[in-house]
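Participant:
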Amino acid sequence: MSTEKSSHPLQTSENYPCSPGGIRVLILPVLPHKQIELRLHAALRAVLPDADVSAVLVRPCPDLKFGDYQTNALMSVAKVRRMNPRQLAADVLTRLDVSEWCEPVQIAGAGFLNFRLLPEALSRTLAGVVQSGHLFFEQATRPQTVVVDFSSPNVAKPMHVGHIRSTILGDCLARTLRLLGHRVVTDNHIGDWGTQFGMLLLGWKTLLDRASLDREAIGELERIYKSMVERCKADPQQLELAKRELVQLQGGDPENLGIWREMIRLSQIQFDTVYGRLGVKFDHTLGESFYNPKLQPLVGELVASGLARESDGAIAIFFDDIPQLKDNPALIRKSDGGFNYATTDLATLAYRLETWKPDEIIYVTDGRQQLHFQQVFTAFRKWHGQSTTKLAHVWFGSILGEDGKPFKTRSGETVKLAGLLDEAQERAFKIVCEKSAALPEAQRREIARVVGLGAVKYADLLPNRQSDYVFSWDKMLALQGNTAPYLQYAYARIRSIFRKLGVGEYTAPHAAPDLKAPEEFILAKHLLNFGLTLEAVAEEHRPNFLCNYLHELAGKFTGFYENCPVLKADDTTRASRLALCDLTARVLKLGLETLGIETVEQM
RNA sequence: GCGCCCGUAGCUCAGUUGGAUAGAGCAUCUGCCUUCUAAGCAGGUUGUCGUGGGUUCGAUUCCCGCCGGGCGCACCA
Numbered sequence: 009m010s011t012e013k014s015s016h017p018l019q020t021s022e023n024y025p026c027s028p029g030g031i032r033v034l035i036l037p038v039l040p041h042k043q044i045e046l047r048l049h050a051a052l053r054a055v056l057p058d059a060d061v062s063a064v065l066v067r068p069c070p071d072l073k074f075g076d077y078q079t080n081a082l083m084s085v086a087k088v089r090r091m092n093p094r095q096l097a098a099d100v101l102t103r104l105d106v107s108e109w110c111e112p113v114q115i116a117g118a119g120f121l122n123f124r125l126l127p128e129a130l131s132r133t134l135a136g137v138v139q140s141g142h143l144f145f146e147q148a149t150r151p152q153t154v155v156v157d158f159s160s161p162n163v164a165k166p167m168h169v170g171h172i173r174s175t176i177l178g179d180c181l182a183r184t185l186r187l188l189g190h191r192v193v194t195d196n197h198i199g200d201w202g203t204q205f206g207m208l209l210l211g212w213k214t215l216l217d218r219a220s221l222d223r224e225a226i227g228e229l230e231r232i233y234k235s236m237v238e239r240c241k242a243d244p245q246q247l248e249l250a251k252r253e254l255v256q257l258q259g260g261d262p263e264n265l266g267i268w269r270e271m272i273r274l275s276q277i278q279f280d281t282v283y284g285r286l287g288v289k290f291d292h293t294l295g296e297s298f299y300n301p302k303l304q305p306l307v308g309e310l311v312a313s314g315l316a317r318e319s320d321g322a323i324a325i326f327f328d329d330i331p332q333l334k335d336n337p338a339l340i341r342k343s344d345g346g347f348n349y350a351t352t353d354l355a356t357l358a359y360r361l362e363t364w365k366p367d368e369i370i371y372v373t374d375g376r377q378q379l380h381f382q383q384v385f386t387a388f389r390k391w392h393g394q395s396t397t398k399l400a401h402v403w404f405g406s407i408l409g410e411d412g413k414p415f416k417t418r419s420g421e422t423v424k425l426a427g428l429l430d431e432a433q434e435r436a437f438k439i440v441c442e443k444s445a446a447l448p449e450a451q452r453r454e455i456a457r458v459v460g461l462g463a464v465k466y467a468d469l470l471p472n473r474q475s476d477y478v479f480s481w482d483k484m485l486a487l488q489g490n491t492a493p494y495l496q497y498a499y500a501r502i503r504s505i506f507r508k509l510g511v512g513e514y515t516a517p518h519a520a521p522d523l524k525a526p527e528e529f530i531l532a533k534h535l536l537n538f539g540l541t542l543e544a545v546a547e548e549h550r551p552n553f554l555c556n557y558l559h560e561l562a563g564k565f566t567g568f569y570e571n572c573p574v575l576k577a578d579d580t581t582r583a584s585r586l587a588l589c590d591l592t593a594r595v596l597k598l599g600l601e602t603l604g605i606e607t608v609e610q611m
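Here it is, written out as structure tokens:
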């Protein structure tokens, strides 16, 4: 399905026909800012034929008193060319005809162009959306294949709060890219191989409590691991035995391989349970062990090609030509013959390249791994110099305790993810019982589940991901203010209107809203920015843009809700307002879904 | 020592190619539920955007110095 837009600069809504009978064709609503942008580009080229228009963007005004949209890019163009910015704006304006969309364009300040939408242009856009069923965003003109690598928990360990950011951020980015029409491959690079298996195997053979394993597998695996660590500390002989188990595993010993596989199986059950609760799905789970057979040949290839060389018994890739990495070679084989993190990541990269031919690979990890990814990416460029695949390390801040130090509970434990989710649902349940005591318990439970999980996710997605993360139950489980429940509540209120209306299955309106009240205009105009926001999330890898957008949308809806009665209005107004409510509800629901957050009809 | 990140309201934090009077939430104070869900709304209070320079018509944003904090820097991942 091609969504290539015509390059005709004066394309208008009339150029977008309705879908031909019977065949479902993607009809794109024409978003005004895009139309204005196209015409602005044409006008600028008419004035400056060699101008680069790609950075000349039309964005919503920061303050509606200036207008609905603005461009400040002409000032930048003028600056580069040492022109008078205001004069350039005036010149461009004489070539600019956006009368179909806007009131007469104003030049302001040093050379802003301010655009104010005509009410009929807004209606036309809303009509287009109502008709096409699309919601204020367009599919990518050139769909990309994007691999998203996130979550990556370790086998035989409980998932804890440390996994939450990667999991939720990665899932949200994958959802956003999919929504925009990209081909997304999600891959969970689990930690299923490594030195920890020496102790786990020895622990399994000497300390395992079968009953406990049946009851609570991960807890038992964690117990034997911790216990082994203690024993090995105290007794060098035990450490030696553990190392021997590891060597046997690596050597393909059938018994150890069997135990190792069982540990992975048990862990995967846990992962699936948590992901099931979170609504997170992976297309692939290719853990470290999958790449194990590829490591030896990889190192051989890198050495043969001169990229890697021996150093102090280890093999490393050096970056002498890059000042920042000059003193930070990437080790790809230890002096004892074992392989490193970088080795696996390079092998993984090669496999993904070959298998999915991605345009971009996104790694969602802790910020402390920046140097590592810089090394891997740089090594990759040296190795596959011709590759155009974009590599993005989408990193996030550390989890800190209330004291600002690396997070630990009082007893020095990590907070387990399953317990966190339980507590979120319990807290939400208490609130639901207070607010909606009349609802049947099953429904209250379901609302609590959606609200509680939503709150946890939203708390993780709202801050700029690079900020450090101060762990706080109250903050993470907050149900008031700029939180998911606020957005879910706005949605539920809209749905309540439709319930009261008495229409069983509400079908989308056939007419565009006819806007009258200021709150209606404010709300409708904000709806138009949904696509812009999604694109920014995808480009910058920042879900918080979408959180902020939705919070504003819910706020603007509430302003409308307080001031514009729907059901009590006369027939015409009511139909119009219902249409606006419906569009708002759909954007809210889809926006929340993109964050990985569910909605309920009633709460 | 080198590198990366951070410093914005009492607290927690947003701030989209540099753009117009720097915004939310929490906390606090005052109002609003016989009116579509008060998990809500309206209003009050709060800023040397760490600091000193530079570039610019314009700097919270870009560059340099300094102060304060976090993290990372060869056989863990």
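Its first residue numbered 9, the first sequence is counted upward by one per residue in this note's numbering. Ideal Cβ placement from N, Cα and C applies to all residues, glycine included. None of the values given here were measured: they were computed from a predicted structure.
1) Can you give me the C-alpha to C-alpha distance between Ala63 and Ala81, rounded to a whole angstrom?
2) Are the Cβ atoms of Asn162 and Leu209 separated by less than 8 Å?
3) Contact defined as beta carbons within less than 8 Å: I believe Glu421 pairs with Leu485. What is the distance between those atoms, to the nearest angstrom?
4) Along the chain, where does the beta strand (DSSP E) that runs through Asn122 open and close?
5) Are the Cβ atoms of Ala148 and His197 separated by less than 8 Å?
6) Nearest by alpha-carbon distance to Thr602: which of Glu442, Phe506, Lys465 and Val372 is it?
7) Compute the Euclidean distance between the alpha carbons of Leu39 and Ala532, then round it to the nearest angstrom.
8) Between the segment 384-393 and the segment 349-366, do at least 3 Cβ pairs fall closer than 8 Å?
9) Judging by CA-CA distance, which residue of Leu134, Arg594, Arg124 and Asp476 is the nearest neighbour of Leu72?
10) Cβ of Glu253 within 8 Å of Cβ of Gly206?
11) Name the DSSP beta bridge partners of Glu368, please?
12) Which same chain residues end up closer than 8 Å to Gly375 when comparing Cβ atoms and leaving out the 5 residues on each side of it in sequence?
13) Give me, in chain order, the residues of the same chain whose beta-carbon lies closer than 6 Å to that of Lys390; leave out the 5 immediate sequence neighbours on both sides.
14) Per DSSP, Asn162 forms a beta bridge with which residues?
15) Is Ala48 buried or exposed, if buried means 16 or more other CB atoms sit within 10 Å of its CB?
16) In whole angstroms, give me the CA-to-CA distance for Lys289 and Val55.
17) Does the contact criterion of 3 or more C-beta pairs under 8 Å hold for the segment 561-568 versus the segment 521-532?
18) Comparing C-alpha positions only, which one of His401, Asp367, Val372 and Gly308 sits nearest to Gln394?
19) Is Gly427 near Lys416, with beta carbons less than 8 Å apart?
20) Assuming contact is defined by CB atoms lying nearer than 8 Å, are Thr203 and Ala546 in contact in what I supplied?
21) By DSSP, does Pro448 sit in helix, in strand, or in coil?
22) Whose C-alpha, out of Gln332, Leu333, Ala358 and Tyr299, is nearest the C-alpha of Phe347?
23) Considering only C-alpha positions, which residue in the set Ser480, Ala456 and Ala492 is nearest to Leu469?
24) Going by Cα to Cα distance, which pick from Tyr494, Trp364, His392 and Asn552 is closest to Val154?
25) Can you give the beta carbon distance from Glu296 to Trp212, rounded, assuming they're within the 8 Å contact cut?
26) Please work out which residues of its chain come closer than 7 Å, Cβ to Cβ, to Phe568, disregarding the five sequence neighbours upstream and downstream, and give them in chain order.
27) Quick one: using the 10 Å Cβ neighbour count with 16 as the cut-off for buried, is Lys424 buried or exposed?
28) Hey, how far is the Cα of Phe479 from the Cα of Leu509?
29) CB-CB under 6 Å to Ile605, same chain, minus the five flanking residues each way: which ones, in chain order?
30) Nearest-angstrom Cα distance between Asp99 and Arg53?
31) Which residues mark the beginning and the end of the alpha helix (DSSP H) in which Arg94 is found?
32) Could you name the residues of the same chain whose beta carbon sits closer than 6 Å to that of Asn537, not counting the 5 residues immediately before and after it, in chain order?
33) Drop a sphere of 10 angstroms on the beta-carbon of Asp217, count the other beta-carbons inside from all chains shown, and report buried for 16 or more, exposed for fewer.
34) What does Lys576 pair with, by DSSP beta-bridge criteria?
35) Of all the options Asp590, Val608 and Gln610, which has the alpha carbon lying nearest to the alpha carbon of His142?
36) Mapping the DSSP letters down to three states, classify Gln147 as helix, strand or coil.
Facilitator: On the basis of the data shown:
1) Counted from its first residue, the first sequence places residue 63 at position 55. Counted from its first residue, the first sequence places residue 81 at position 73. Whole-angstrom Cα-Cα distance: 7 Å.
2) Taking the first residue of the first sequence as 1, we reach residue 162 at position 154. Taking the first residue of the first sequence as 1, we reach residue 209 at position 201. No, the Cβ-Cβ distance between Asn162 and Leu209 is not below 8 Å.
3) Locating residue 421 in the first sequence gives position 413, counting from the first residue. Locating residue 485 in the first sequence gives position 477, counting from the first residue. Rounded, the Cβ-Cβ distance is 19 Å, inconsistent with contact.
4) Residue 122 sits at position 114 when you count from the first residue of the first sequence. First-last of the beta strand (DSSP E) with Asn122: Phe120 to Phe123.
5) Position 140 of the first sequence, counted from the first residue, corresponds to residue 148. Position 189 of the first sequence, counted from the first residue, corresponds to residue 197. Against a cut-off of 8 Å, the Cβ pair of His197 and Ala148 comes out as no contact.
6) Locating residue 602 in the first sequence gives position 594, counting from the first residue. With distances taken between Cα atoms, Thr602 lies closest to Lys465.
7) For the purposes of this step, residue 39 is taken as the residue at position 31 of the first sequence. For the purposes of this step, residue 532 is taken as the residue at position 524 of the first sequence. Whole-angstrom Cα-Cα distance: 12 Å.
8) yes
9) Counted from its first residue, the first sequence places residue 72 at position 64. Among Leu134, Arg594, Arg124 and Asp476, the Cα nearest to that of Leu72 is on Arg124.
10) Numbered from 1 along the first sequence, position 245 holds the residue referred to as residue 253. Numbered from 1 along the first sequence, position 198 holds the residue referred to as residue 206. Contact flag set, yes.
11) Position 360 of the first sequence holds residue 368. Bridge partners of Glu368: Val154 and Lys398.
12) Within the first sequence, numbered from 1, the residue matching residue 375 stands at position 367. Trp403, Phe404, Gly405, Ser406 and Gln474, listed in sequence order.
13) Here residue 390 refers to the residue found at position 382 when the first sequence is read from its first residue. Once the five neighbours on either side are set aside, the close Cβ partners of Lys390 are Leu315.
14) What you label residue 162 is simply residue 154 of the first sequence in a count that begins at 1. Beta-bridge pairing links Asn162 to Gly199.
15) Here residue 48 refers to the residue found at position 40 of the first sequence. Inspection of the sequence shows that residue 48 is occupied by Leu rather than by Ala. By the neighbour-count rule (16 or more Cβ atoms within 10 Å), Leu48 is buried.
16) What you label residue 289 is simply residue 281 of the first sequence in a count that begins at 1. What you label residue 55 is simply residue 47 of the first sequence in a count that begins at 1. Spanning the two alpha carbons is a distance of roughly 51 Å.
17) yes
18) Here residue 394 corresponds to residue number 386 of the first sequence, with the count starting at 1. Nearest of His401, Asp367, Val372 and Gly308 to Gln394, Cα basis: Asp367.
19) If you number the first sequence from 1, residue 427 lands on position 419. If you number the first sequence from 1, residue 416 lands on position 408. Their beta carbons are not under 8 Å apart, which means Gly427 does not touch Lys416 by this criterion.
20) Locating residue 203 in the first sequence gives position 195, where the first residue counts as 1. Locating residue 546 in the first sequence gives position 538, where the first residue counts as 1. The answer is no: Cβ separation not under 8 Å.
21) Translated into the one-based positions of the first sequence, residue 448 becomes position 440. Note: Pro448 maps to coil in three-state DSSP.
22) By 1-based counting over the first sequence, the position of residue 347 is 339. Selected option, being the one with the closest Cα: Tyr299.
23) The residue labelled residue 469 in the question sits at position 461 within the first sequence. Taking only the C-alpha atoms, the option nearest Leu469 is Ala492.
24) For this step, residue 154 is matched to residue 146 along the first sequence. Taking only the C-alpha atoms, the option nearest Val154 is Trp364.
25) On the first sequence, position 288 is the one that residue 296 refers to. On the first sequence, position 204 is the one that residue 212 refers to. About 19 Å separates the two Cβ atoms, so there is no contact after all.
26) Numbered from 1 along the first sequence, position 560 holds the residue referred to as residue 568. For Phe568, where only same-chain residues beyond five positions count, the Cβ hits under 7 Å are Glu527, Glu528 and Leu531.
27) The sequence position of residue 424 within the first sequence is 416, counting from 1. Result: buried.
28) Working through the first sequence from its first residue, we reach residue 479 at position 471. Working through the first sequence from its first residue, we reach residue 509 at position 501. The alpha-carbon atoms of Phe479 and Leu509 are separated by roughly 43 Å.
29) Here residue 605 corresponds to residue number 597 of the first sequence, with the count starting at 1. Correct list, in chain order: Gly462, Lys465 and Ala492.
30) Here residue 99 corresponds to residue number 91 of the first sequence, with the count starting at 1. Here residue 53 corresponds to residue number 45 of the first sequence, with the count starting at 1. Rounded to the nearest angstrom, the two C-alpha atoms are 11 Å apart.
31) In the first sequence, residue 94 corresponds to position 86, counting from 1. Its alpha helix (DSSP H) spans residues Pro93 to Arg103.
32) To locate residue 537, count along the first sequence from 1; it is residue 529. Excluding residues within five positions, the ones whose Cβ falls inside 6 Å are Pro68.
33) Position 209 of the first sequence, counted from the first residue, corresponds to residue 217. When all chains shown are included, Asp217 counts as exposed.
34) Here residue 576 refers to the residue found at position 568 of the first sequence. In DSSP, Lys576 forms no bridge with anything.
35) As a position in the first sequence, residue 142 is number 134, starting the count at 1. Of the listed residues, the one whose Cα sits closest to His142 is Asp590.
36) Taking the first residue of the first sequence as 1, we reach residue 147 at position 139. Gln147: coil per DSSP, three-state reduction.
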